[in-house]
Amino acid sequence: MARVEGKVALVTGAASGIGREGARVVLSDIDADGGRAAAAEVGDALFLEHDVTDADAWQAAVEQATAVHDGLHILVQSAGVALNANVEDTSLDDWRRVHAVDLDGVFLGCRAAIPALRASGGGAIVNISSVSGIVAGHNLAAYNSAKAGVRLLSKSVALHCARARTGIRCNSVHPTFIDTPMLAPILERVGDDDRGRAKLARQVPLGRIGAADDVAYAVLYLASDEAAFVTGAELVVDGGLSAM
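Per the working numbering, residue 5 is the first one in the sequence shown, and the count goes up by one each step.
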C-alpha cells in the first residue's frame, strides 16, 4: 500500500467485497455487521454505518473521517444495488431505489467530499460504475440508466474540479461480472453452481469471472499519484467484454 501511503481514504460499500483497499481507511456501509467485519479484516480501519442515500449521513461521514485522520484524500464509492428487470417489468419504486443508491448516492458523496478533499490539498474520487453503464442489456433498465449516469456524472465532476483548480481528480471504474455478493442476482438466473459460473465466464473474452482484486487494483491506480494526469476517464475492467 506504499502507493497511497499517508493518505486517508473513505470507502463506501465496504462490506460488499471490492471496497477494502486503502491507506488509513474509513469504511462505510449500510450493512453494519459486514462493515465491521471488513474493518477488522483491514486492521487499522474505522467503520461508519452509513446510508449513501441520506445527505445528512454523507455530511456526518465526511466530517467524522476528516476529524479522526485530520484530512481526506481519497473517496471510493462502491456502494450499489442491482436489479434484473426490463423496462416493462420495473416498478417505479424499484426504479427509484436503484437510482437512489447507485446514482443519487454518488452525487451526494461527491458533493459532500469535495470541500474536504480541497481543504486537504486535493485528492481523488473513484466512482464504481459498471460495464452496464457503457453497454446496455434488455433486462437492466434501471441499472443501465443509473450506472450510465455515474459515468457522465464522474466526467462532469472531473471538469468542475479541474476548472475550479481544486487539485481533485475524478474517474469511474467499469467492471463486469465480479465475484462479490452483487453477482448473486445474476447467478440466480443462470444457476448458482459451477455451470452457472462457467456460463458467465464464457461471455468474457478472457474466459473467467473477475476477482475483487481486479477492481481493487484499478481503483488503487486511479487513487494514487501514478494517475496524477488522469481525470474524467473511465477504466473498464471487464476482461474484454465491451470490446466485442
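Glycine included, each C-beta is placed from N, C-alpha and C at the ideal position.
| Query | Result |
| --- | --- |
| Check whether the region 32 to 42 and the region 123 to 135 touch, using three or more Cβ-Cβ pairs below 8 Å as the test. | no |
| Starting from the C-beta of P209, find all residues in its chain whose C-beta is less than 8 Å away, skip the five residues before and the five after it, and write them out in chain order. | G243, G244, L245, A247, M248 |
| For chain D, is any of its Cβ atoms less than 8 Å away from the one on L224? | Absence of chain D from the displayed structure is noted, only one protein chain being present. |
| Quick one: does the C-beta of G109 sit closer than 7 Å to a heavy atom of the ligand SAH? | In terms of ligand content, the structure shown is empty, and the ligand SAH therefore cannot be addressed. |
| On the premise that V80 lies in contact with A1, defined as a C-beta separation below 8 Å, what is that separation, rounded to the nearest angstrom? | Nothing in the structure corresponds to residue 1, since the chain is present only between 5 and 248. |
| Grab me the residues of A215's own chain with a C-beta within less than 8 Å of its C-beta, minus the 5 sequence neighbours each way, in chain order. | I182, D183 |
| What does the Cβ neighbour count give for P189, buried or exposed, with the cut at 16 atoms within 10 Å? | exposed |
| Classify H77: buried if its beta carbon has 16 or more other beta carbons within 10 angstroms, exposed otherwise. | buried |
| What are the boundary residues of the beta strand (DSSP E) that includes D60? | Per DSSP, D60 belongs to no beta strand (DSSP E); it is in the alpha helix (DSSP H), 59 to 73. |
| Please classify V102 as buried or exposed, where buried requires at least 16 other C-beta atoms within 10 Å of its C-beta. | buried |
| Taking three-plus beta-carbon pairs below 8 Å as touching, is the region 220 to 238 in contact with the region 153 to 168? | yes |
| Any chance you could list the alpha helix (DSSP H) runs of at least 4 consecutive residues sitting entirely within the region 66 to 133, in chain order? | 96 to 103, 109 to 123 |
| Alpha carbon to alpha carbon, what distance is there between R7 and L224? | 8 Å |
| Using the Cα positions of A83 and S136, report the straight-line distance between them to the nearest angstrom. | 15 Å |
| Leaving out five residues on either side along the sequence, give the residues of the same chain with a beta carbon under 7 Å from the beta carbon of G1. | Because the chain spans 5 through 248 in this model, residue 1 falls outside it and cannot be assessed. |
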